[in-house]
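From first to last, the protein sequence lines stand for chains A and B. First residue of the first sequence: 1, per my numbering; consecutive thereafter. First residue of the second sequence: 1001, per my numbering; consecutive thereafter. By construction, the Cβ of each residue, glycine as well, lies at the ideal position given by its N, Cα and C atoms. Since this is a predicted model, take the numbers as computed values, not measurements.
Number of protein chains: 2
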Amino acid sequence: MNDDVPAWIRATYLVSAAADEIDAVARGLATEQSVEMPLDAITDRRVLDEVAGRVEAVAERAPGCYAVTLSLAAETVGNETAQLLNMLFGNCSLHDAVRLVEVELPQALLASFSGPRLGIDGLRQLCGAGDRPLTCTALKPQGLGAAALAALCERFALAGLDFVKDDHGLADQVAAPFAERVAACQAAVERANERTGGSTRYVPSLVGSPRTLTRQARLARDLGVRAVLVAPSLIGLGAFRELVDEDLDGMAVLAHPAYAGAARVDPPLLLGGLFRLLGADATIFPNVGGRFSYSAERCGAIAEQARRPWAHLAPCLPVPAGGMTPDRAGEMIGAYGNDVMLLIGGALLAAGDRLDHEARRFVTAVADAGA
Amino acid sequence: MNDDVPAWIRATYLVSAAADEIDAVARGLATEQSVEMPLDAITDRRVLDEVAGRVEAVAERAPGCYAVTLSLAAETVGNETAQLLNMLFGNCSLHDAVRLVEVELPQALLASFSGPRLGIDGLRQLCGAGDRPLTCTALKPQGLGAAALAALCERFALAGLDFVKDDHGLADQVAAPFAERVAACQAAVERANERTGGSTRYVPSLVGSPRTLTRQARLARDLGVRAVLVAPSLIGLGAFRELVDEDLDGMAVLAHPAYAGAARVDPPLLLGGLFRLLGADATIFPNVGGRFSYSAERCGAIAEQARRPWAHLAPCLPVPAGGMTPDRAGEMIGAYGNDVMLLIGGALLAAGDRLDHEARRFVTAVADAGA
């Protein structure tokens, strides 16, 4: 170990502090996120030189707000996702004034992550979409039985949607148990595809403890499912990566942002960067002007982190969502370009008898705008 | 299902909103956390009556700040922890203005959780402590080898500490691989106990993906370890509960707050309530006046949630920590009473040659104050 050049992770935090305190706060942060004890109580030279965190830069971003960049020893992480999270934002997540905004991994650590296995190209191939923007809708509301959800699924598939996903609230509930629902919806999509010659994909939501997730993944695969929805923050980022690596081979992974807002990790880093690093092929986020209050700038930054060139990692498809309507298709494609999946759920379902019409209008609007 | 009385979860959120908007915001929240689509687009009567979330109360807590209490259908959760989290704070975690503060589970759902298996009494028995407050310290810094950590462990055990835990930053790193470290530290504690006739317990930190956690738990058990440290937020709450239920039978579980990022799930609910519900026997939190900025009121509320009578759930031991010193033992025991574990790490390690002396002083101070 000592023969190698030590590798360092760069982590940047936004920190609120007074000007005459920020240097001490930054040093405290470096200690908190590494050795977690006073440096002058450490007698081991190697620990001081190669393990203790260092302050690399402190830059004022706004009055009383500083970007603090630390170097954290890669050897403290090993190859475990939960431990990476621990070193990046374990204890300092408890400081209200600290927010994690940027992470740069050294090459050897980065190489240990596979990232998206299908990526944007693989998602396109899965639904035979060429290079136009992709479409997605959601099966709702929870509480419906499996047959009702499958009937809805079939109508969306007949309308030509690319992906029909479970509402993220659908789990293994009595009203529509997982096994029954997934079998019914997958069969419905296959029937529709046979009629249309299309390639709509049903995307069941996997949620539960790690062993439940493994069971659900195997069941879905056995039924012919090729894409799944998972909320990494809900199941834990380490569980997410393990699920992707061990149980979802060849299946596309759509990441859902549920519970992601609970920690103060900057949304572009978490939803765009970390979810991609851990294997999300597409990442759903609340688009500007919908039910949530994300700004255009934040949404653009999420898409940027998802798609930017990043070592060997395939790009991850941005999926702006959360109260969108077919009328906004052109505007959204203007903002994100063709490498995007538009997800419209409630607005189609609210159309009642005109659901099939609205679904087709959505499909056509996207095809036209992306041409 | 229709024959039963539907069971409802009560969830309370603190919401920032204007007075003339709060009612609409509250209704929106109820929809977002349940059916996630416009109610007037739902034609199924059962879904409207038994599944859609309801606003139970809106109460102004401060100008522009409201406590919104929702009823959420228990059937939407099933018996999965990740799905409970999803229904409580999935999508609405993405709203900056919403904070989850209280949860009340209906009896049938609550009954499905075992909670702490040892609880406060079991922890006391594990170290033969009678009814005085318990003591704990931490092995640091990461970067030391297994032999150095074990030597430290032995000194603390000889000084009569009840629990000697790994720093939460210790994982399966090259400097002190998990298997080697746990074997060495457990042996060190057993040697010391033989000399002193005491019952110090070594508490290794488990961190990693779900399968790694299972392997680590089995290895620790095989070595004779009877208590472990786990950060539920870091590994995922669903993974935490499954680990406790499946792999930690008979072992005490100390919960660490890393990544609990307690920003928008209220710390008393998360660290005191939910960690206990999922099986933590003791919960570590940043005490007032230490390295973190938690208030005395917040710390008291965490302890209250951890210890209050709550259905069949055993009480969970509060462990105030984060920059404490032996001098504060009396004050802390005055604040928390005897059902507490004092955790002092850095201050003992910083004593250098006087480590053994300081450790004994800590043990004595706690025994005296708790007498």
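* Name, going along the chain, the residues of the region 193-215 of chain A whose beta-carbon falls closer than 8 Å to a beta-carbon of chain B. => Val-207, Gly-208, Ser-209, Pro-210, Arg-211, Thr-212
- Measure from the C-beta of Gln-1173 of chain B to each C-beta in chain A and report whether the shortest distance is under 8 Å. Yes, because at least one Cβ of chain A sits closer than 8 Å to the Cβ of Gln-1173 of chain B.
So is Asn-1086 of chain B in contact with chain A if we call contact Cβ pairs under 8 Å?
yes
> For Thr-1012 of chain B, which residues of its own chain have a beta-carbon under 6 Å away from its beta-carbon, when the five flanking residues on both sides are left out?
Replying inline: Ala-1067, Thr-1069, Val-1101, Glu-1102
- prompt: Any beta-carbon of chain A closer than 8 Å to the one on Met-1341 of chain B?
  reply: At a cut-off of 8 Å between beta-carbon atoms, Met-1341 of chain B makes no contact with chain A.
* To do: Return helix, strand or coil for Glu-104 of chain A, following the three-state DSSP convention.
  => strand
| field | Local Cβ density within 10 Å of Pro-1116 of chain B, reported as buried at 16 or more and exposed below that | value | buried
task = Consider the Cβ of Ala-1220 of chain B: report whether some Cβ of chain A lies at a distance smaller than 8 Å.
result = Not one beta carbon of chain A lies nearer than 8 Å to the beta carbon of Ala-1220 of chain B.
- Report yes or no: is there a C-beta of chain A within less than 8 Å of the C-beta of Leu-1149 of chain B? no
ask   = To the nearest angstrom, how far is it from the Cα of Ala-1187 of chain B to the Cα of Arg-1361 of chain B?
value = 24 Å
- Query: Which of the three DSSP states, helix, strand or coil, is assigned to Ala-1171 of chain B?
  - Reply: In the three-state reduction of the DSSP assignment, Ala-1171 of chain B falls in the coil class, being assigned neither a helical nor a strand state.
>> Using C-beta distances below 6 Å, list every residue in its chain close to Ala-1239 of chain B, excluding the 5 sequence neighbours before and after it, in chain order.
In response: Pro-1210
Beta bridge counterpart(s) of Ser-71 of chain A as assigned by DSSP:
A:Arg-10, A:Arg-54
Would Asn-1002 of chain B be called buried (16 or more neighbouring beta carbons within 10 Å of its own) or exposed? In this prediction, Asn-1002 of chain B has a pLDDT of 40, which is less than 50 and means its spatial position is unreliable; what the coordinates show is noted afterwards. Per the 10 Å Cβ criterion, exposed.
Under 7 Å Cβ to Cβ from Arg-54 of chain A, same chain only, skipping five residues before and after it: list those, please. Ala-30, Leu-70, Ser-71
_Distance, Pro-1133 of chain B Cα to Ala-1217 of chain B Cα_ = 27 Å
Start and end residues, beta strand (DSSP E) containing Val-1230 of chain B: 1227-1230
**Item:** Beta-carbon proximity check, Ala-74 of chain A vs Glu-50 of chain A, cutoff 8 Å
**Value:** Cβ atoms of Ala-74 of chain A and Glu-50 of chain A: not closer than 8 Å.
Can you find the residues in the same chain that come closer than 7 Å, C-beta to C-beta, to Glu-32 of chain A, ignoring five residues on each side of it along the sequence?
Asn-91, Cys-92
inquiry  = Nearer than 7 Å: is that true of the beta carbon of Asp-247 of chain A relative to any heavy atom of the ligand FMN?
reply    = Looking for the ligand FMN in the displayed structure turns up nothing, as the structure carries no ligands at all.
message = At the 8 Å Cβ level, is His-165 of chain A part of the contact set with chain B, yes or no?
response = A small correction: the amino acid at residue 165 of chain A is Lys; His does not occupy that position in the sequence shown. No, because no Cβ of chain B sits closer than 8 Å to the Cβ of Lys-165 of chain A.
Within the chosen definition, does the region 1106-1122 of chain B reach the region 1142-1152 of chain B through at least 3 CB pairs nearer than 8 Å? no
### Query
Is it true that the region 270-285 of chain A meets the region 1106-1114 of chain B, where meeting means three or more beta-carbon pairs spaced less than 8 Å apart?
Cβ pair count under 8 Å is below three, so no.
query: Span of the alpha helix (DSSP H) holding Leu-1152 of chain B?
result: 1146-1158
Q) Is it true that the region 197-213 of chain A meets the region 167-176 of chain A, where meeting means three or more beta-carbon pairs spaced less than 8 Å apart? A) The answer is yes - the region 167-176 of chain A touches the region 197-213 of chain A, with three or more Cβ pairs under 8 Å.
Discussion item. Which residues of the region 1244-1261 of chain B have a Cβ closer than 7 Å to any Cβ of chain A? Give them in chain order.
Written reply: Pro-1257, Ala-1258, Tyr-1259, Ala-1260, Gly-1261
Handout entry: chain A contacts made by the region 1288-1314 of chain B, where a contact means CB separation under 9 Å
Key = Arg-1291, Phe-1292, Ser-1293, Tyr-1294
| field | Reduced DSSP category for Asn-1002 of chain B - H, G, I as helix; E, B as strand; rest coil | value | The pLDDT assigned to Asn-1002 of chain B is 40, lower than 50, so where the model puts this residue is not dependable, and the model offers no usable value.
Can you name the start and end residues of the alpha helix (DSSP H) that Ala-296 of chain A belongs to? 296-307
*State whether the region 1134-1143 of chain B contacts the region 1342-1349 of chain B, with contact taken as three or more CB pairs (one from each stretch) at a distance under 8 Å.*
yes
- What's the C-alpha gap between Arg-1298 of chain B and Val-1319 of chain B? Roughly 14 Å separates the two Cα atoms.
| query | So is Thr-1081 of chain B buried or exposed if we call it buried at 16+ other beta carbons inside 10 Å? | reply | buried
Practice prompt. In the DSSP assignment, find the alpha helix (DSSP H) that holds Ala-187 of chain A and state where it starts and stops.
Written response: 178-196
Using 8 Å as the limit for Cβ to Cβ distance, is Met-1037 of chain B near chain A? So yes, Met-1037 of chain B belongs to the interface.
Gly-1345 of chain B: contacting residues in chain A (beta-carbon distance under 9 Å) = Glu-36, Met-37
* His-168 of chain A versus chain B: which residues are under 9 Å apart at the beta carbon? -> Within chain B, the residues Glu-1036, Asn-1086, Gly-1090, Asn-1091 have their CB atoms less than 9 Å from the CB of His-168 of chain A, given in chain order.
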